[in-house]
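To start, the structure under review is shown below, and the notes come after it.
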Amino acid sequence: MNYYLSDELNDIKELCAEIANKYILPVRAELDENNRFPREIIKVMADSDLFGIYIPEEYGGSAEIFGGGSMALAVATEELSKACGGIAVSFAANALGAMPILISGSDEQKKKYLPDLASGTKLAAFALTESEAGSDAGGVKTRAVKDGDSYVLNGTKQWITNGGEAQIYTVIAQTDPSRGARGLSAFIVEEGTEGFTYGKKEDKMGIRASSTMELIFEDCRVPASNLIAREGYGFIVAMKTLNTSRPGVAAQAVGIAQGALDEAAKYASERVQFGKRIDSFQGIQFMLADMATQVEAARALVYSTARMIDAGERKYEKESAMAKVFASDVAMKVTTDAVQILGGYGYMKEYPVEKMMRDAKITQIYEGTNQIQRSVIASALIKETAARGK
Amino acid sequence: MRIVVAVKQVPDTADVRIDEERGTLIREGIPSILNPFDEYALEEAMRWRDELGGTVTVMTMGPPQAEAVLREAVSMGADEAVLLSDRAFAGADTWATSHTLAKAVEKMGNIDVVMTGKQAIDGDTAQTGPSIAASLDWPQVTFVGFVRELNQDSIIAERYIEGGCEVIRSSLPVVITMLKDANTPRLPSLRGKMKARKIEIPVWGREDLELPEDEVGLDGSPTRVVKITTPEIISNGEIHHGEPSVLAKLLVDSLLGREVE
Numbered sequence: 000m001n002y003y004l005s006d007e008l009n010d011i012k013e014l015c016a017e018i019a020n021k022y023i024l025p026v027r028a029e030l031d032e033n034n035r036f037p038r039e040i041i042k043v044m045a046d047s048d049l050f051g052i053y054i055p056e057e058y059g060g061s062a063e064i065f066g067g068g069s070m071a072l073a074v075a076t077e078e079l080s081k082a083c084g085g086i087a088v089s090f091a092a093n094a095l096g097a098m099p100i101l102i103s104g105s106d107e108q109k110k111k112y113l114p115d116l117a118s119g120t121k122l123a124a125f126a127l128t129e130s131e132a133g134s135d136a137g138g139v140k141t142r143a144v145k146d147g148d149s150y151v152l153n154g155t156k157q158w159i160t161n162g163g164e165a166q167i168y169t170v171i172a173q174t175d176p177s178r179g180a181r182g183l184s185a186f187i188v189e190e191g192t193e194g195f196t197y198g199k200k201e202d203k204m205g206i207r208a209s210s211t212m213e214l215i216f217e218d219c220r221v222p223a224s225n226l227i228a229r230e231g232y233g234f235i236v237a238m239k240t241l242n243t244s245r246p247g248v249a250a251q252a253v254g255i256a257q258g259a260l261d262e263a264a265k266y267a268s269e270r271v272q273f274g275k276r277i278d279s280f281q282g283i284q285f286m287l288a289d290m291a292t293q294v295e296a297a298r299a300l301v302y303s304t305a306r307m308i309d310a311g312e313r314k315y316e317k318e319s320a321m322a323k324v325f326a327s328d329v330a331m332k333v334t335t336d337a338v339q340i341l342g343g344y345g346y347m348k349e350y351p352v353e354k355m356m357r358d359a360k361i362t363q364i365y366e367g368t369n370q371i372q373r374s375v376i377a378s379a380l381i382k383e384t385a386a387r388g389k
Numbered sequence: 000m001r002i003v004v005a006v007k008q009v010p011d012t013a014d015v016r017i018d019e020e021r022g023t024l025i026r027e028g029i030p031s032i033l034n035p036f037d038e039y040a041l042e043e044a045m046r047w048r049d050e051l052g053g054t055v056t057v058m059t060m061g062p063p064q065a066e067a068v069l070r071e072a073v074s075m076g077a078d079e080a081v082l083l084s085d086r087a088f089a090g091a092d093t094w095a096t097s098h099t100l101a102k103a104v105e106k107m108g109n110i111d112v113v114m115t116g117k118q119a120i121d122g123d124t125a126q127t128g129p130s131i132a133a134s135l136d137w138p139q140v141t142f143v144g145f146v147r148e149l150n151q152d153s154i155i156a157e158r159y160i161e162g163g164c165e166v167i168r169s170s171l172p173v174v175i176t177m178l179k180d181a182n183t184p185r186l187p188s189l190r191g192k193m194k195a196r197k198i199e200i201p202v203w204g205r206e207d208l209e210l211p212e213d214e215v216g217l218d219g220s221p222t223r224v225v226k227i228t229t230p231e232i233i234s235n236g237e238i239h240h241g242e243p244s245v246l247a248k249l250l251v252d253s254l255l256g257r258e259v260e
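Chains A and B supply the protein sequences, listed in that same order.
Taking numbering that gives the first Met the number 0, the leading residue of the first sequence gets 0, the next gets one more, and so forth.
Taking numbering that gives the first Met the number 0, the leading residue of the second sequence gets 0, the next gets one more, and so forth.
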């Protein structure tokens, strides 16, 4: 389908495709096998100006040129994901880490941190999840206690994408445990701050080119000026961040699904059984037709949501959740079907579709499980219905 | 440091077909690209610009559509571009081409270095670079695999030659032709791509370069392609089946029989 992307968005698409072909495809299997974060590819993306596409020009980025950052981020993430979901999330997680500063940071914080993120000189990561706080963000146990001009952080964050690779972390911590979710606050913590260390690196099922790590805070003192917004606003900052970043995960899912569809269609056009190409069999044809239709529908929903955000719409929680749920469920289904079409070969590591199937799974889980997303959609629906009833 | 990079638009294939009657390459239906060797020249020029300051200007001689490779070079980071295009330039051989390119370098003025690929992948003559130097009466260092040093007065470059490496120091201005050993060309950047779409590329013709008619194009070309053919592919291979030991003996006998040393 032709989405009539602007010339500038097409530039992003072309550039990401070139990076994928020249740098990602030759090494993606090795990165997956060795659980290796590709710093050299991150450097190429930085040199190509990709890290600034969702950051305003005022802070060293180029978001305005693309009509806002959401479509730019979606197009880039999708294109990179066609080749490798792991590298794509390392890119997109940077936006997730920057988002709290972008959305709720002070002008000073923006000036201090965003230019380095826009140039790709530094990477960012967002740290919310803990062992007891996943879908229930209110369960965060990491404490931040005010002491003079600083806050002292204690606790452990878990499964942090870009952990160990990022230099700037936006961390959600509890400043008033008596208030639960309303007692959370968001902080900027720089790598190298005393009392901030990395824990174990996770050995994951998929997206293995990305780094996922524990962050450990032991009497880690950060200046009070690193508090984002105000005390008690951490939950709101986190929710706004996730609502805005979800189309990025959805775009990752679309990219992974498209990559798998391309592989399956190509394989079906070459594989001969019973003396015929297998794409001449209706059983395969109908599978491919359904896969293609689902991917296109997912893309349309993701782009519509991203365009809505870029247009300045203030409420997009429901659409953002819909895009994430639908696209990630499509990615899981399409990658599974791609493995099925490739049959025994699809199950083997010589072909890329088994990796795509493993990569797809996480998109149903992270940045809010699909069950939580459905709750978000349902509650928005209930509110809308109630409002109509008045 | 003002560096000019001379680039060429070439067909994107190693398997160029030949029009035997006209003695030219068939370009129709084949996508065009920036000559790969010129990418190394461009990258080298940009690296030294990034280090020393200054500008990189890309130029090419060709039909109006050759502008595409100039825009590509700008997307990779070249500062300026000039297209040399004129009906009068058509049919130029390497002498007329390099003479025209040299005139453009003179017109730009105050150029320190001209860089270009060691050869183009279509014509494969490797003459244009050296011939630009001859036409400008500048020193030249060809087949450069590594530029050790470049400053306002001189260049030290390594020429990779058969069986060795020759280290040459030359005064500026100078013409350099680059090998692919020198660097890894960068990808375009987003800013570069946007600049490339908008940049105005001046087109210089014969009169702009103040060149007489008999020094450009076909009329200015002392060489003529007399004949150009595709070598016949001689394929008289034999296929044998059988046990490895039998096949090995067969192969050895056959090679001995042909007096292969």
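Here a beta-carbon is modelled for each residue, glycine too, at the ideal position from N, C-alpha and C.
Everything numeric in this text was worked out from a predicted model, so none of it was measured.
### Task
Using a cut-off of 8 Å between C-beta atoms, extract the partners of B/Lys-192 located in chain A.
Residue mapping note: residue 192 of chain B aligns to position 193 of the second sequence, counting from 1. Result: Asp-10, Glu-13 and Leu-14.
### Query
What do you reckon, are the CB atoms on A/Leu-122 and A/Phe-216 nearer than 8 Å?
For the purposes of this step, residue 122 of chain A is taken as the residue at position 123 of the first sequence. For the purposes of this step, residue 216 of chain A is taken as the residue at position 217 of the first sequence. Contact flag unset, no.
### Message
According to DSSP, A/Leu-24 sits in a beta bridge with which residue or residues?
### Response
Position 25 of the first sequence holds residue 24 of chain A. Bridge partners of A/Leu-24: none, in fact.
### Task
List the residues of chain A whose Cβ lies closer than 7 Å to the Cβ of B/Arg-185, in chain order.
Taking the second sequence and counting its residues from 1, the one referred to as residue 185 of chain B is at position 186. Correct list: Asp-46.
### Message
Going by beta-carbon coordinates alone, are A/Glu-318 and A/Val-375 separated by less than 8 Å?
### Response
As a working note, residue 318 of chain A is residue 319 in the first sequence. As a working note, residue 375 of chain A is residue 376 in the first sequence. For A/Glu-318 and A/Val-375, no; Cβs fall outside 8 Å.
### Query
DSSP on B/Ser-84, reduced to helix/strand/coil?
In the second sequence, the residue the question calls residue 84 of chain B occupies position 85. It is coil, neither helix nor strand.
### Message
Restricting to runs no shorter than 4 residues, where is the alpha helix (DSSP H) found entirely within the region 310-360 of chain A?
### Response
316-346
### At least 3 beta-carbon pairs within less than 8 Å: the region 20-39 of chain B vs the region 180-187 of chain B
yes
### Query
DSSP beta-bridge partners for A/Ser-184?
If you number the first sequence from 1, residue 184 of chain A lands on position 185. DSSP output for A/Ser-184 lists A/Ala-172 as bridge partner(s).
### Query
Helix or strand or just coil, what does DSSP make of B/Gly-204?
As a working mapping, residue 204 of chain B is identified with position 205 in the second sequence. Residue state, collapsed to three classes: coil.
### Start and end residues, beta strand (DSSP E) containing A/Val-125
One-based indexing of the first sequence puts residue 125 of chain A at position 126. Checking the sequence shown, residue 125 of chain A turns out to be Phe, not Val. Counting along the chain, the beta strand (DSSP E) containing A/Phe-125 begins and ends at 123-126.
### Query
Whose C-beta lies closer than 6 Å to the C-beta of A/Arg-168 among residues of the same chain, with five residues either side of it excluded?
Translated into positions along the first sequence, residue 168 of chain A becomes position 169. According to the sequence shown, residue 168 of chain A is Tyr rather than Arg. The answer, listed in chain order, is Ala-124, Ala-126 and Val-188.
### Query
In three-state terms, what does DSSP make of A/Phe-234?
Locating residue 234 of chain A in the first sequence gives position 235, where the first residue counts as 1. Note: A/Phe-234 maps to helix in three-state DSSP.
### Query
Fully enclosed by the region 111-149 of chain B, which alpha helix (DSSP H) runs are 4 residues long or longer?
127-135
### Message
Per the DSSP calculation, A/Cys-219 is bridged to which residue(s)?
### Response
Taking the first residue of the first sequence as position 1, residue 219 of chain A is located at position 220. Answer by DSSP bridge pairing, in chain order: A/Leu-152.
### Query
Using the beta-carbon count (16 or more within 10 Å), is A/Ile-11 buried or exposed?
Looking up residue 11 of chain A in the first sequence gives position 12. Buried: at least 16 other Cβ atoms inside 10 Å.
### Own chain, CB closer than 7 Å to A/Gly-59, minus 5 neighbours either side, in chain order
For this step, residue 59 of chain A is matched to residue 60 along the first sequence. The residues are Gly-51, Leu-113, Pro-114, Ala-117 and Ser-118.
### Task
Kindly indicate which residue of A/Ala-136, A/Arg-298, A/Ser-279 and A/Gly-205 has the alpha-carbon position closest to the one of A/Gly-247.
If you number the first sequence from 1, residue 247 of chain A lands on position 248. Nearest C-alpha to A/Gly-247: A/Arg-298.
### Task
Answer yes or no: do B/Gly-122 and B/Thr-176 have a C-beta to C-beta separation smaller than 8 Å?
Here residue 122 of chain B refers to the residue found at position 123 when the second sequence is read from its first residue. Here residue 176 of chain B refers to the residue found at position 177 when the second sequence is read from its first residue. No, these two residues do not count as a Cβ contact at 8 Å.
### Query
So, does the CB of A/Leu-72 fall closer than 8 Å to a CB anywhere in chain B?
On the first sequence, position 73 is the one that residue 72 of chain A refers to. No, A/Leu-72 does not count as interfacial toward chain B.
### Task
Just confirm the distance between the C-beta atoms of B/Thr-93 and B/Thr-124, as a whole number of angstroms; I'd bet it's less than 8 Å.
Taking the second sequence and counting its residues from 1, one reaches residue 93 of chain B at position 94. Taking the second sequence and counting its residues from 1, one reaches residue 124 of chain B at position 125. With 8 Å as the limit, B/Thr-93 and B/Thr-124 qualify as a contact, their Cβ atoms being about 5 Å apart.
### Message
Three or more C-beta pairs under 8 Å: does that hold for the region 300-314 of chain A against the region 69-76 of chain A?
### Response
yes
### Task
Check B/Tyr-159 in the structure and name its three-state DSSP category.
Residue mapping note: residue 159 of chain B aligns to position 160 of the second sequence, counting from 1. If DSSP states are grouped into helix, strand and coil, B/Tyr-159 belongs with the strands.
### Message
Any contact between the region 222-233 of chain B and the region 102-109 of chain B? By contact I mean 3 or more CB pairs, one from each, below 8 Å.
### Response
no
### Query
Is the distance from the Cβ of A/Asp-148 to the Cβ of A/Ala-252 below 8 Å?
Indexing the first sequence from 1 puts residue 148 of chain A at position 149. Indexing the first sequence from 1 puts residue 252 of chain A at position 253. No, the pair does not count as a contact, with Cβ atoms beyond the cut-off.
#### Entry: Short CB-CB distance (under 8 Å) between B/Ser-188 and chain A
The residue you call residue 188 of chain B lines up with position 189 of the second sequence. With 8 Å as the cut-off, B/Ser-188 counts as an interface residue toward chain A.
### Query
Whose Cβ in chain A lies nearer than 7 Å to the Cβ of B/Val-196?
Here residue 196 of chain B corresponds to residue number 197 of the second sequence, with the count starting at 1. Note that residue 196 of chain B is Arg in the sequence shown here, rather than Val. The answer, in chain order, is Asp-6.
### Task
Compare the C-alpha of B/Glu-148 against each of B/Glu-212, B/Gly-216, B/Arg-48 and B/Arg-16 and name the closest.
Here the question's residue 148 of chain B lines up with position 149 in the second sequence. Among B/Glu-212, B/Gly-216, B/Arg-48 and B/Arg-16, the Cα nearest to that of B/Glu-148 is on B/Arg-48.
### Task
Could you have a look at A/Arg-38 and say whether DSSP puts it in helix, strand or coil?
Along the first sequence, read from residue 1 onward, the residue named residue 38 of chain A stands at position 39. Here A/Arg-38 sits in helix by DSSP.
#### Entry: Contacts around A/Leu-24, its chain only, beta-carbon distance under 7 Å, and the 5 residues preceding and following it disregarded
Position 25 of the first sequence holds residue 24 of chain A. For A/Leu-24, where only same-chain residues beyond five positions count, the Cβ hits under 7 Å are Ala-82.
#### Entry: Buried versus exposed, by CB contacts within 10 Å (16 or more), A/Cys-219
In the first sequence, counting from the first residue as 1, residue 219 of chain A sits at position 220. A/Cys-219 comes out buried.
### Query
So is A/Val-188 in contact with chain B if we call contact Cβ pairs under 8 Å?
The residue you call residue 188 of chain A lines up with position 189 of the first sequence. Cβ-Cβ to chain B under 8 Å: no for A/Val-188.
### Query
What in chain B is Cβ-close to A/Ile-23, meaning under 9 Å?
Taking the first sequence and counting its residues from 1, one reaches residue 23 of chain A at position 24. Within 9 Å Cβ-Cβ: nothing; A/Ile-23 doesn't reach chain B, min ~12 Å.
### Query
Which residues does DSSP pair with A/Gln-257 in a beta bridge?
The residue labelled residue 257 of chain A in the question sits at position 258 within the first sequence. Bridge partners of A/Gln-257: none, in fact.
#### Entry: A/Leu-226 - DSSP class collapsed to helix/strand/coil
Within the first sequence, numbered from 1, the residue matching residue 226 of chain A stands at position 227. Three-state result, A/Leu-226: strand.
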